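> Have a look at the structure that comes next, please.
In this note's numbering, the protein residues as written are 3 to 85.
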């Protein structure tokens, strides 16, 4: 989910930096008709850990937008640059 309540999809994989044992990114299989799938046009997306806000029973990410981001949001371009 995003911090604005949008469902992104299911966690499918994680990338871990084995030298530091830190999470680098998560791989999400986008839900059909999800905002993430529509925005990025992909079935699976890699989300950098810098966009993740909380991990528990669900994962909360910053809201990703195609236009100019507001506070608490990140642009599509920022996500792509951080990969």
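Think of the CB as a built atom: it goes at the ideal place given N, C-alpha and C, for glycine as much as any other residue.
This one's a predicted model, so the numbers in the text were calculated from it and none came from an experiment.
Going by Cα to Cα distance, which pick from 8, 7, 26 and 9 is closest to residue 15?
26
> Compare the beta carbon distance of residue 60 and residue 47 with 8 Å and say whether it is the shorter of the two.
no
> Where residue 4 and residue 24 are concerned, what is the direct C-alpha to C-alpha distance, given to the nearest angstrom?
22 Å
> Report buried or exposed for residue 12, applying the criterion of at least 16 other Cβ atoms within 10 angstroms of its Cβ.
exposed
> Using DSSP with H/G/I as helix, E/B as strand and the rest coil, what is residue 27?
strand
> Quick one: what's got a C-beta closer than 8 Å to residue 18's C-beta in the same chain, skipping five residues either side?
24, 25 and 26
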